[in-house]
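Residue numbers (the numbering used here), protein chains in the order written: chain A, 974 to 1405; chain D, 6 to 669.
Glycine included, C-beta positions come from ideal geometry on N, C-alpha and C.
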C-alpha cells in the first residue's frame, strides 16, 4: 500500500484544506492521475497518484489535513475484484454522499434501533434508502437535516462548538471557513500587529448642494441615511463585511443586515440596530432613524433586540466639526463606518474593518462603490476629481471615461425635465 | 535372563572371553572408530569448541556395530540422545557428525541439530525418550508393503520403559505385525537412576506381553552379539514381524558431561573388562589401527574451515504464507458437511494418502461417520487403531516421512492433548531441526466444539493451543464452503497440518447463500472466505471460523435487526499462518472489529488478531467473544450461556451502535 502524504512546502502552513476530490474511494486510478486538490496559504495544489492501483480515501471536500498527514493510499497490488467495497466509512458523512449503494429494488428494512430513531424523530421513512437501514444511516440523515449546510467537520478540528461559547451574537449567523491563505495572514497579523487586527480606509464623497429628492430635516446636512441605505444593499456583494471573526478557521456571516446606529449625547453611547435595513426604502430608513433617535433621547429602557442585534455600525460625526476619526469595531462585527465632514463641503467616509475577515482591496472597492452610489443621490456638480470632462451623467455624474472604463460604450443623450439636454449612463438609465 | 543388578552384570562381563577371531575386522574397525570419535568429542568439549553437550557411547560401541552396522541401506534407524555410535555404524558419516557437533554448515544437519538431533537417509535421532519409536512404527508400516523389504530399528535405553508411548508402539507393531526391531541398550542406568529403581518386572516380560519375539545379548561376548543381532534382524526382515533385542552393556563415561555419581570402582572395573580396551591392550596391530584412526580424526578436525548457518538461511518454514489474491465466488452443492468431508478424504486416499484412527473402519465408519465407506474401498489404507492418540500420531508422521501423506483422526479434539508431544517434538521440528532435509506432511484431523452437552472432556475447542506451533498449519473447516478445495490443496504443502472440524457443523448442509450477501474466497488455495453485503457497505467486520462462522452467516439478518449492524464476515479457513490482509481491508471501510472464537479469549486467536490490528491500524475499536474460562458443563442450558452465541454477538454490536449514537 502506497501512502500519499502532504509534505511541508513552507513554514507558514500547518495544515491544508481539501478543495476538490476528483475520485471516489475504491476507484481505479492511473499513475500521475489527479486525485484531489488542496489549498495552501500560497496556492491550490493538485495531488497526483504515484502509481496505478485502487484508491483508498476517506477525505471530504472541506476537510483539513495536517502537513505530513496522509491524503490517500494506493493499493497497487489489489486486483480488480468484485469485492471493491464502496465508499469509505466516515461517521461524519451525510447519508446522501456515502450511504448504501443503489438498492437494486431491495425492500427497505430497518433495524430495531433504526426504527426507534425514526419513530422518535418523525422522519419520513421514504427518505431513507432501500435495503438494510441501520441507526447510523438514519442519524446521518437527521444530522444532515439539522446541519447548517456544511460538508462535515474537518479532520483536524479543535473548534469549540458554538454552544460552549458565551460571547456569540444573538443574531442568527452561518459558518464559513476562511481560506488557508487568510488564516495564515490573520495569524501573522496577530503576531506583528500589537493593536489587534483593525485596519482603516477612508474615502471622500463629493456631494452637490442639493439632493435629487429632498430629505427630512434631520438629513439636510448629513448623508447618514444614504450611507445606511446604500451600504446595506452593497453588503450583499461584500458579505464578509456583514460578519465577524469566529475563530482561527471560521468567520460568521450574518443572515440579516442590521445596521447599528451609534447615538451619543455625551452621557451615554448606544448603538441601536436598524433591523433588516437592506429591505427598507430610503424613506423607511429615514423614518427609522428618527424613531431610534427619539427612543434614545427619551431615555427609557431600550428593547434588547435593538441593543444586541447590530451586524454593522455607523457612527456619524459629520456635525461634530472633526475631520478625521478612527472608528473602533464593535464586538462580533467586521465593519464600522464613520462619517466626518471634509473641508470642501463634502464628506469623508471612514471604514474600520477586521483584517482577519476582509482585506484592504476589498474594502477599498466597497468604499469606492459606496461613494458612487451616494453621489448618485445628488445633482450634477463641478467635477471633484481634478480634471475636466466633456460629458457626464446627469444623475450620477459619471464621466464618459468612467463609463467606458466600466465596460460601457458611452453615455445616452436625453432630454431632461427642464427641457435641456443631458446625458445619462446605462446604470442610471436601467436602475441600480 | 534379565540382569538388573550390577553384580550380575559384573559377573557377566568377567566371564567374557577375549574378542574372538570370528569377529570381523571391519566390526572392530568400526567400534574403534566410534570410540575415537567419541573421545575426540570429549577433547573438543573440554576445549570449548563444541555446541551443547554430548552423550557418549564409550563402552557400548559393539551394540551399535552389531545392530546398525548389519543393516541394509533400505533399513531405517531411530535413535535417542546417545546416538553417535548408531549414526556412524549406520551411515559411516563420522566427518559429518564431527562437523555437526562443531556447528559447521557442513555438518549432517548444518549444525542445527548437534549431538542429539541427527538425520541422514535411513537415520533419525531426537532427544526426548521414546519420541521417535512410534515414528519408526510408521516407517515399519510403510516398509511392510515396500518392495525393498526394509525394516525399522528403534534404539532405546532401559529407562525408556517408563514412557507410555513405547507400550503403545509395542502394541501397534505387534497388532499390525510390522517389521520393527526394538533394541534396548540396557546399561543399568538412566542418567543417575539405576534400573532397579525405575523398572518393575522384566524387559522380556514386557516383550512377551505384546507377543513380540525376544532376543538377548551383551557387548562383552562380541561374537555372540553379532550373531544374535543378525538373527534378530533376519527374523524381522523375513517374518515381517516385530522383535525386541536387549543388549546388556555399560557406559564407561558419564551420562553427558561431568554428571557421573557412579562408584568409581565400579566404573573402573568395567573399564578393565571392556572388550575394546582388552583388545587394544593385547594387540599392537589394533593399537596401530587405533593410532591411525585417531590421527585421521585429528587431522580432519584441524583442517575444518569455519562456516556457520546464518539467520536468513535458517529462518524459514514450509507454511503457506504467501497466496496469490485471486478472489472468486463460492457456490456450494446441497450436501451435508459430513458428506462433503467424506468425499474429500476419499479423493485424498485415492491419491495415495493413509487414514488411521480409532473406530474409523466400516461398518462403524468413525464416531461422526466422516470415514464411512472408506475402509471398504481402501482396506490397506484406512486402518482402525487402538486408543493410542500419541503413537498413532507418531505412526502418521513416520508414514508421511516415507512419502505417504497420512490423515490421523483424533476422535475428539479434547484428546488432542495426547498428540502434543508428537506434534511439537517431532512433526513441528523435523524440517528445521534436520536442516530442511525432512518433511512430515501428517494431517491430524479432529472435531472440536460443544453445544451437544457432551461435558468437559468432549466439548472443548483447543485450537488456541495449536496455532503458532512452528511449521504446523492449522485449518478450521466450515460448512460455508465445500472442504474439498482445502483438503485437495493440502497436497501442495509439505508442512504438518491440523484440520479442525466441528461436531455440530457435520450435520449442516453446505451454505446456500442469501440474496443480500455474496460469498467469495480470497485465494483458491487456503484463502479466507468473505461473506460481504451485496447492496451496501458493511458497518462492522466480524472474524469467526468453523461452526461459529456458519452460525453467524445463518443469522446475518437477525444480527442486522437486533444488532443494528451490517456485517462483513471474514472466515479464515487457515488459522495459522493467519492472513491479516482481508481483515485490514475490511476495517478500512468499517473501522470496527469483532472476533468470535470458540475457545476462551485469554491469549487466544482473537488476541492475536486484535494485536495485529493494533499494530497496523491503531485506534480501531475491537471486541472479542469467546467461551467462558471454565470447563464446559454437560447441562445444555448452562453450556449455551457459556459458549459464544448469536445473542451475545448482537449485544456486543448493539453496544457499539449505542455508543455511536450517544457520541453523535
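- Distance from the CA atom of residue 1386 of chain A to the CA atom of residue 1398 of chain A, rounded to whole angstroms, is 9 Å.
- Interface residue (Cβ-Cβ distance to chain A less than 8 Å): residue 625 of chain D is not classified as such.
- Taking each of D:115, D:56, D:65, D:121 in turn and checking the Cα distance to residue 88 of chain D, the smallest one comes out for D:121.
- Between the region 299-318 of chain D and the region 496-510 of chain D there are fewer than three C-beta pairs closer than 8 Å, too few to call the two in contact.
- With fewer than three CB-CB distances shorter than 8 Å, the region 430-440 of chain D does not count as touching the region 376-396 of chain D.
- Boundaries of the beta strand (DSSP E) around residue 189 of chain D: 185-191.
- With the criterion set as a beta carbon lying under 9 Å from some beta carbon of chain A, the members of the region 516-542 of chain D are 520, 521, 523, 525, 527, 535, 537, 538, 539, 540, 541, 542, in sequence order.
- Judged by beta-carbon spacing, residue 1403 of chain A lies beyond the 8 Å limit of residue 1370 of chain A, meaning their Cβ atoms are not closer than that value.
- Less than 8 Å separates the beta-carbon of residue 426 of chain D from that of residue 395 of chain D.
- Look at the region 1091-1114 of chain A: the residues with a C-beta under 7 Å from a C-beta of chain D are 1104, 1105, 1107, 1108, 1109, 1112.
- Of all residues in the region 570-581 of chain D, only 570, 571, 573 come within less than 9 Å of chain A when Cβ atoms are compared, listed by chain position.
- Residue 1286 of chain A carries a strand assignment under DSSP once its states are collapsed to helix, strand and coil.
- Closest by C-alpha distance to residue 493 of chain D, out of D:531, D:332, D:399, is D:531.
- Counting only runs of at least 4 residues, the region 1259-1343 of chain A fully encloses the following alpha helix (DSSP H) elements, listed from N- to C-terminal order: 1277-1281.
- Taking the CA atoms as reference points, residue 653 of chain D sits about 16 Å from residue 574 of chain D.
- Collapsing the DSSP output to three states places residue 627 of chain D in a strand.
- Listed by position along chain A, the residues whose Cβ is nearer than 7 Å to that of residue 565 of chain D are 1084, 1105.
- Between residue 1205 of chain A and residue 1278 of chain A, the CB-CB gap reaches or exceeds 8 Å.
- Residue ranges of uninterrupted beta strand (DSSP E) with 3 or more members, entirely inside the region 497-525 of chain D and ordered along the chain, are 502-507.
- Using a Cβ-Cβ distance cut-off of 8 Å, the region 493-505 of chain D and the region 292-311 of chain D are not in contact, since fewer than three pairs of beta carbons, one from each stretch, lie closer than that value.
- Taking residue 86 of chain D as the centre and dropping the five residues before and after it, the same chain places the C-beta of 60, 121, 132 closer than 7 Å to its C-beta, in chain order.
- Within chain D, the residues placing a beta-carbon under 7 Å from that of residue 1029 of chain A are 593, ordered along the chain.
- Interface with chain A (8 Å Cβ-Cβ cutoff): residue 544 of chain D is included.
- By the rule that beta-carbons nearer than 8 Å mark a contact, residue 1087 of chain A touches chain D.
- Residue 442 of chain D and residue 31 of chain D have their alpha carbons spaced roughly 30 Å apart.
- Contact between residue 1242 of chain A and residue 1235 of chain A holds, with the beta-carbon distance rounding to 7 Å and staying under 8 Å.
- In this structure residue 215 of chain D touches residue 176 of chain D by the C-beta definition: roughly 6 Å separates them, less than 8 Å.
- Per DSSP, residue 403 of chain D is one residue of the alpha helix (DSSP H) stretching across 394-406.
- Ranked by how close their Cα comes to the Cα of residue 300 of chain D, the residues D:557, D:524, D:42, D:633 have D:42 in first place.
- In this model, residue 1266 of chain A and residue 1228 of chain A are separated by some 25 Å (Cα to Cα).
- For residue 397 of chain D against residue 371 of chain D, the beta-carbon gap comes to about 14 Å, at or over 8 Å, which does not count as contact.
- Using a C-beta cut-off of 8 Å, the region 238-247 of chain D makes contact with the region 181-197 of chain D, since at least three inter-stretch Cβ pairs fall below that distance.
- A check of alpha carbon separations from residue 327 of chain D across D:521, D:99, D:529, D:639 identifies D:529 as the nearest.
- Secondary structure in the region 413-455 of chain D: the alpha helix (DSSP H) runs of 4 residues or longer, each lying completely within the stretch, are 433-438 in chain order.
- Taking each of D:273, D:174, D:161, D:211 in turn and checking the Cα distance to residue 15 of chain D, the smallest one comes out for D:273.
- Rounded to whole angstroms, the gap between the alpha carbons of residue 1326 of chain A and residue 1320 of chain A is 19 Å.
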